[in-house]
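First up is the structure itself, then whatever we jot down about it.
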Amino acid sequence: MEFNLELETKRLERKLTHIAEKGFLPQALLQIVSNTAVLQLASRAKISVQPLQPQVTSGMHIQGAPLVTRAAFTYDPKETAILFGKLLAMLDNAEEPLASSAVKLRNAIENKELSIQEACDAFIADDNMFFADWAARIPESPSLVRFLAQGSLTPSLQVQTDLLKEHRNDEEPWPYGHCPHCGSQPLIASLKEKEGFKHLTCSFCRLEYRAKRLQCAFCGEEDHNKLEYFKADGEPGYEVHVCKTCSCYIKVSDFRELDRVSIPVLDDLESLTLDILARKQGYARPTLSAWGF
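The UniProt record's numbering applies: residue 1 is where the sequence shown begins, and numbers increase by one.
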């Protein structure tokens with residue numbers, strides 16, 4: 001489906017209004033997330049990138065190989081730099097310590113201690129050492145550089161993964177514990193259509209792809225005796241699916257009987273309570289949130 005900025009903007013506004021009405025997120029955090037999502041949508045409409053070509057044969061892909069590696073993804077340098085700058089400027093009005101941290105980071109860029117390209121390349125390369133180094137330099141806001149890199153890259157990654165869709169058939173569930181496009185792990189799941197088809201959202205390129213309903217999203221376990229789920233009071237439309245084999249969990253949104261919009265990265269934020277409950281039960285989440293924390 002072709003990207004429709006007007007339609008996606010309306011869906012985003014409706015979703016953000018719903019989250020705000022719940023009142024559980026700090027206003028400062030909600031404002032940052034809202035502004036970031038709006039800026040990303042506007043940027044996505046301007047992105048220009050070359051389509052990626054599959055690096056594997058169709059036979060290899062059927063056996064579980066992703067179409068490309070994460071490192072193959074590129075980005076629109078101009079639009080990414082513009083968005084990075086807008087996100088950094090947005091934080092000037094944030095509460096402390098974010099505002100002061102943004103000043104430190106801007107000074108680092110001006111003094112050529114950090115470049116936007118360097119940060120973005122590190123995110124694509126999954127260079128955790130790079131971000132750990134900057135977390136140590138700005139300990140009061142340790143996730144700031146990752147947030148800015150991820151936030152500014154996301155529109156380009158979404159455009160590239162959309163262009164890759166023509167190279168695979170999504171009618172059948174993908175039975176492997178990683179994204180069929182880039183090989184990254186899933187962020188969150190959702191149930192769609194009257195049949196309740198399960199879709200996973202990639203934590204890196206944001207591809208939404210079909211998966212087996214009764215299968216661990218990470219290790220592939222299919223023994224129903226080792227797969228459980230639970231819900232939480234006050235969180236209608238969400239479940240947590242846990243796997244006793246790998247001790248991981250994934251949240252699942254199911255709004256089929258609710259008049260609500262599903263935007264996976266915001267569903268993830270809206271259901272933070274379930275992350276707390278899952279961790280208290282000893283289960284782990286292999287991926288960070290879509291917002292870098």
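Ideal Cβ positions, reconstructed from N, Cα and C, are used throughout, including at glycine.
- Take Y229, set aside five residues on each side of it, and the residues of its chain with a beta-carbon closer than 8 Å to its own are E239, V240, H241, V242 and V252, in chain order.
- K280 sits exposed, since fewer than 16 C-beta atoms from the chains shown fall within 10 Å of its C-beta.
- Residue environment analysis places Q160 among the buried positions, since at least 16 neighbouring C-beta atoms fall within 10 angstroms of its C-beta.
- The C-beta distance from V49 to T74 rounds to 6 Å, short enough to fall under 8 Å.
- Between L98 and S141, the gap from beta carbon to beta carbon is short of 7 Å.
- A contact is defined here as three or more CB-CB pairs under 8 Å, and the stretch 36-47 meets this definition with respect to the stretch 145-157.
- Less than 7 Å divides the Cβ of F218 from the Cβ of C248.
- In the displayed model, F130 falls within a helix according to three-state DSSP.
- The Cβ atoms of H167 and L7 lie no closer than 7 Å to each other.
- Spanning the alpha carbons of R206 and E21 requires a straight line of approximately 26 Å.
- Within the same chain, and ignoring the five residues on either side of D92 in sequence, the residues whose Cβ sits closer than 7 Å to its Cβ are A99 and A102.
- For K192, the uninterrupted beta strand (DSSP E) segment begins and ends at P186 to K192.
- Our two residues, E79 and R44, have alpha carbons roughly 9 Å apart in a direct line.
- For C202 against C179, the beta-carbon gap comes to about 4 Å, under 8 Å, which counts as contact.
- The three-state reading of DSSP puts T57 in coil, since its state is none of H, G, I, E or B.
- A direct Cα-Cα distance of roughly 24 Å separates L214 from L266.
- Every alpha helix (DSSP H) of 4 residues or more that sits fully in the stretch 102-157 is shown, in chain order, as 116-124 and 128-137.
- Sequence-distant partners of K15 (beyond 5 residues in either direction) whose C-beta falls short of 7 Å from its own C-beta, in its chain, are V261, I263 and L266.
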